[in-house]
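Going line by line, the protein sequences match chains A and B.
Each step along the first sequence adds one to the number in this note's numbering, with nothing skipped, and position 186 is 186.
Each number in this note's numbering comes from the position in the second sequence (counting from 1) with 1000 added on.
See structure below.
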Amino acid sequence: MSDDRLTIAGREFRSRLWVGTGKYKDFVETKKAIETSGADVVTVAVRRVNITDRNSENLLDYLDPKQYTILPNTAGCYTVEDAVRYSRLARAAGVSDLVKLEVIGDERTLFPDTAGLIEAAKILIKEGFVVLPYTNDDPIVAQKLVDIGCPAVMPLAAPIGSGLGIRNPYNLKIILETVNVPVIVDAGVGTASDAALAMEYGADAVLMNTAIAGAREPIAMAEAMKYAVEAGRLAYKAGRIPRKLYATASSPIEGML
Amino acid sequence: MHVQVNGESRHVREEINVTGLLRDLQLNVERVAVEINLEILDRGDFDARTLHEGDRIEILSFIGGGGGGIFDCGFLIAD
Chain A
1 MSDDRLTIAG REFRSRLWVG TGKYKDFVET KKAIETSGAD VVTVAVRRVN ITDRNSENLL
61 DYLDPKQYTI LPNTAGCYTV EDAVRYSRLA RAAGVSDLVK LEVIGDERTL FPDTAGLIEA
121 AKILIKEGFV VLPYTNDDPI VAQKLVDIGC PAVMPLAAPI GSGLGIRNPY NLKIILETVN
181 VPVIVDAGVG TASDAALAME YGADAVLMNT AIAGAREPIA MAEAMKYAVE AGRLAYKAGR
241 IPRKLYATAS SPIEGML
Chain B
1001 MHVQVNGESR HVREEINVTG LLRDLQLNVE RVAVEINLEI LDRGDFDART LHEGDRIEIL
1061 SFIGGGGGGI FDCGFLIAD
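Set out below in C-alpha cells:
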C-alpha cells in the first residue's frame, strides 16, 4: 500500500485515514491515538490562547508540524464572515494555505450551510487558500465546490459526532462517480466497518475524530480504524464480486460420486 | 496604557510592540496568530507594530478539534 498515495493540490499524503485532535482525555492520549492511527493529516481548531494560565501546554508540542500536515478547520463558524476570518487567522498561525472549511448551518445537526460554504470558499480560493470543504452528501453542491476550485470535497457520512455511519450511501456513490477530485468522507463514522465501507465505495480518504476519541479504548479504536481504512481501500482496488440473488457453488461438481 | 487582550483589559508599557507583548505573555511567536482591531498581522510585522491605547488584540492558536462545534473539555483551551 506504500505506493498508493493520495495527492491533493500537489501535496502527497501517505495515509488515507485523517483524524481530528479534539475530545481526547489529554495530549498524551491525543498523541498516542494519532500515532497508532498512522494518520499524517490532523485537523485542529483555532481559538484564543489562554493568557492567564501560562503553564498550559500547546497541542503542537505533541504533534510535530514537521511530521504531520496540520489542517486547521473553521469549526464553530456559523457565518461566511466568521469562516473567512478564522481561515485567515489559521493561515497566520500556521505554515500553510490549507483549510478545512466549515460553515455550520444549525446547532443541533451541525449540518453545513452549503450556500454559505460555496460563498466562503470562493472568497478564500481567490486569496490563495487550498480549500477542503466540509459539505453535505449532496452531489450538486459537491460539483459546485469543484467548479469553483476546491481540490477535494469532504462530504459527511452523517452528522458530526453522531456515529451513525453512512446514512446515504447512494448519494455518496453519485458524488464519487461525478466529481473528478479526491473525496474524503468526513464526519459521522461510528466504528471500523463504517470507515471500511466508505473506502470500499471508493472514497479517497476518511476523516474522523469522535469515533476514535469517544471510544471506550481510543488507542485500540485508532488501530482498528487504521486497518479498516486499509482493508476498505484494498477491497476497493481488488474489486468486489457482484451481488446475486441465488447461490453459485464454489466447489466443482466434477469428481463427485 | 491599557489594551484589550483576548477580551481582557491589560496594562502594558508605552511603545511596546507585538513581539514584546508575546514575550511578556510567554507565547511562542511561531505558534500564534495576532489580530489587532480586526486586522490580522503578518508574523513579519510583529516587531514593527507598536500597540496603542485601547487596541483590541486577539491572540489565537491551534487547539484540539475535529469539526462542528465547540465542546467544553477543560484542557481544550488553547495555549
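Heads up, the beta-carbon is just placed ideally off N, CA and C, and yes, glycines get one too.
As the structure is a prediction and not an experimental result, all values here were calculated from the model.
| request: Step through the CB atoms of chain B and report whether any lies within less than 8 angstroms of the CB of residue 24 (chain A). | output: Position 24 of the first sequence, counted from the start, is the residue given in the question as residue 24 (chain A). It does: the Cβ of residue 24 (chain A) has a partner Cβ on chain B nearer than 8 angstroms.
| Quick one: what does DSSP say residue 187 (chain A) is sitting in, helix, strand or coil? | Counting from one through the first sequence, the residue named residue 187 (chain A) turns up at place 187. Of the three classes helix, strand and coil, the one that applies to residue 187 (chain A) here is coil, per DSSP.
| query | Are the beta-carbon atoms belonging to residue 206 (chain A) and residue 179 (chain A) less than 8 angstroms from one another? | reply | Locating residue 206 (chain A) in the first sequence gives position 206, where the first residue counts as 1. Locating residue 179 (chain A) in the first sequence gives position 179, where the first residue counts as 1. Contact: no.
| Is there contact between the segment 69 to 77 of chain A and the segment 88 to 105 of chain A, where contact requires at least three CB pairs shorter than 8 angstroms? | The segment 69 to 77 of chain A makes contact with the segment 88 to 105 of chain A: 3 or more CB pairs, one atom from each, lie closer than 8 angstroms.
| task | Alpha carbon to alpha carbon, how far is residue 88 (chain A) from residue 1044 (chain B)? Give it in angstroms, no decimals. | result | To locate residue 1044 (chain B), count along the second sequence from 1; it is residue 44. To locate residue 88 (chain A), count along the first sequence from 1; it is residue 88. If you draw a straight line from the Cα of residue 1044 (chain B) to the Cα of residue 88 (chain A), it comes to about 15 angstroms.
| said: Given a cut-off of 8 angstroms on the beta-carbon distance, is the pair residue 145 (chain A) and residue 133 (chain A) in contact? | reply: Your numbering for residue 145 (chain A) matches position 145 in the first sequence. Your numbering for residue 133 (chain A) matches position 133 in the first sequence. Cβ distance < 8 angstroms, so residue 145 (chain A) and residue 133 (chain A) count as in contact.
| field | Where the alpha helix (DSSP H) through residue 199 (chain A) begins and ends | value | Position 199 of the first sequence holds residue 199 (chain A). Its alpha helix (DSSP H) spans residues 192 to 201.
| Who are the Cβ neighbours of residue 215 (chain A) in its own chain at under 6 angstroms, not counting the five residues just before and after it? | Residue 215 (chain A) sits at position 215 when you count from the first residue of the first sequence. So the list reads 221, once near-sequence residues are dropped.
| Looking at the structure shown, is residue 181 (chain A) part of a helix, part of a strand, or coil, going by DSSP? | Locating residue 181 (chain A) in the first sequence gives position 181, counting from the first residue. For residue 181 (chain A), the secondary structure class from DSSP, reduced to helix, strand or coil, is coil.
| message | Determine whether the beta carbon atoms of residue 19 (chain A) and residue 42 (chain A) lie at a separation below 8 angstroms. | response | Counting from 1 along the first sequence, the entry for residue 19 (chain A) is found at position 19. Counting from 1 along the first sequence, the entry for residue 42 (chain A) is found at position 42. Yes, they are a contact pair.
| request: Pull out every residue of the segment 47 to 75 of chain A whose Cβ sits closer than 7 angstroms to any Cβ of chain B, in chain order. | output: Closer than 7 angstroms at the C-beta level to chain B, one finds these residues of the segment 47 to 75 of chain A: 47, 48, 49, 50, 51, 54, 56, 57, 58, 59, 60, 70, 72, 73, 75.
| Cβ-Cβ separation, residue 226 (chain A) to residue 37 (chain A) (assumed contact under 8 angstroms), whole Å | By one-based count along the first sequence, residue 37 (chain A) stands at place 37. By one-based count along the first sequence, residue 226 (chain A) stands at place 226. Sure, about 5 angstroms apart at Cβ, within 8 angstroms.
| request: Report the residue from B:1018, B:1011, B:1037 whose alpha carbon sits nearest the alpha carbon of residue 1030 (chain B). | output: The sequence position of residue 1030 (chain B) within the second sequence is 30, counting from 1. Looking at the Cα atoms, B:1018 is the closest of the given residues.
| query | For the alpha helix (DSSP H) that residue 119 (chain A) lies in, which residues bound it at each end? | reply | By one-based count along the first sequence, residue 119 (chain A) stands at place 119. Residues 114 to 126.
| query | Is residue 62 (chain A) helix, strand or coil by DSSP? | reply | In the first sequence, the residue the question calls residue 62 (chain A) occupies position 62. Note: residue 62 (chain A) maps to coil in three-state DSSP.
| request: Give the residues of chain B in contact with residue 36 (chain A), contact being defined as C-beta atoms less than 8 angstroms apart. | output: Taking the first residue of the first sequence as position 1, residue 36 (chain A) is located at position 36. Neighbours of residue 36 (chain A) in chain B, taken as residues whose beta carbon is under 8 angstroms from its own, are absent, since the nearest beta carbon is some 16 angstroms off.
| query | So, is the C-beta of residue 1039 (chain B) closer than 8 angstroms to a C-beta in chain A? | reply | For this step, residue 1039 (chain B) is matched to residue 39 along the second sequence. By this cut-off, residue 1039 (chain B) is not an interface position.
| query | What are the partner residues of residue 1061 (chain B), as DSSP defines its beta bridges? | reply | For the purposes of this step, residue 1061 (chain B) is identified with residue 61 of the second sequence, where counting begins at 1. A:47, per the DSSP bridge assignment.
| said: My output table needs one value for residue 219 (chain A): the three-state DSSP class, helix, strand or coil. | reply: For the purposes of this step, residue 219 (chain A) is taken as the residue at position 219 of the first sequence. Helix.
| query | Alpha carbon to alpha carbon, what distance is there between residue 163 (chain A) and residue 8 (chain A)? | reply | As a working note, residue 8 (chain A) is residue 8 in the first sequence. As a working note, residue 163 (chain A) is residue 163 in the first sequence. So the two alpha carbons sit approximately 27 angstroms from each other.
| How many angstroms separate the CA atom of residue 1007 (chain B) from the CA atom of residue 1060 (chain B)? | Indexing the second sequence from 1 puts residue 1007 (chain B) at position 7. Indexing the second sequence from 1 puts residue 1060 (chain B) at position 60. Approximately 12 angstroms between the Cα atoms of the pair.
| query | Should residue 195 (chain A) be flagged as near chain B, meaning a C-beta pair shorter than 8 angstroms? | reply | Indexing the first sequence from 1 puts residue 195 (chain A) at position 195. No, residue 195 (chain A) does not count as interfacial toward chain B.
| Do you know whose CA, among A:152, A:68, A:161, A:195, lies nearest residue 108 (chain A)'s CA? | In the first sequence, residue 108 (chain A) corresponds to position 108, counting from 1. By alpha-carbon distance to residue 108 (chain A), the top candidate from A:152, A:68, A:161, A:195 is A:161.
| task | Determine the closest residue to residue 33 (chain A) out of A:60, A:223, A:248, with distance taken between C-alpha atoms. | result | The residue given as residue 33 (chain A) occupies position 33 in the first sequence. Among A:60, A:223, A:248, the Cα nearest to that of residue 33 (chain A) is on A:223.
| query | Where does residue 32 (chain A) fall in DSSP's three states? | reply | Numbered from its first residue, the first sequence carries residue 32 (chain A) at position 32. The answer is helix: DSSP assigns residue 32 (chain A) an H, G or I state.
| query | So residue 197 (chain A) packs on residue 232 (chain A), CB below 8 angstroms; how close in whole Å? | reply | Mapped onto the first sequence, residue 197 (chain A) falls at position 197. Mapped onto the first sequence, residue 232 (chain A) falls at position 232. Your pair residue 197 (chain A) and residue 232 (chain A) checks out as a contact, with CB atoms roughly 7 angstroms apart and the cut at 8 angstroms.
| residue 17 (chain A) in three-state terms, based on DSSP | Walking along the first sequence from the start, residue 17 (chain A) turns up at place 17. In the structure shown, residue 17 (chain A) sits in a strand (DSSP, three-state: E or B).
| What separation, rounded to the nearest whole angstrom, lies between the Cα atoms of residue 1065 (chain B) and residue 21 (chain A)? | As a working note, residue 1065 (chain B) is residue 65 in the second sequence. As a working note, residue 21 (chain A) is residue 21 in the first sequence. Their backbone Cα atoms lie some 5 angstroms apart in a straight line.
| request: Find the nearest neighbour of residue 125 (chain A) within the set A:218, A:192, A:83, judged by alpha-carbon distance. | output: Position 125 of the first sequence, counted from the first residue, corresponds to residue 125 (chain A). The shortest Cα separation from residue 125 (chain A) among A:218, A:192, A:83 belongs to A:83.
| request: Give, in chain order, every residue of the segment 1003 to 1030 of chain B whose Cβ lies closer than 9 angstroms to some Cβ of chain A. | output: Per Cβ criterion, the list reads 1005, 1006, 1007, 1008, 1010, 1025, 1026, 1027, 1028, 1030.
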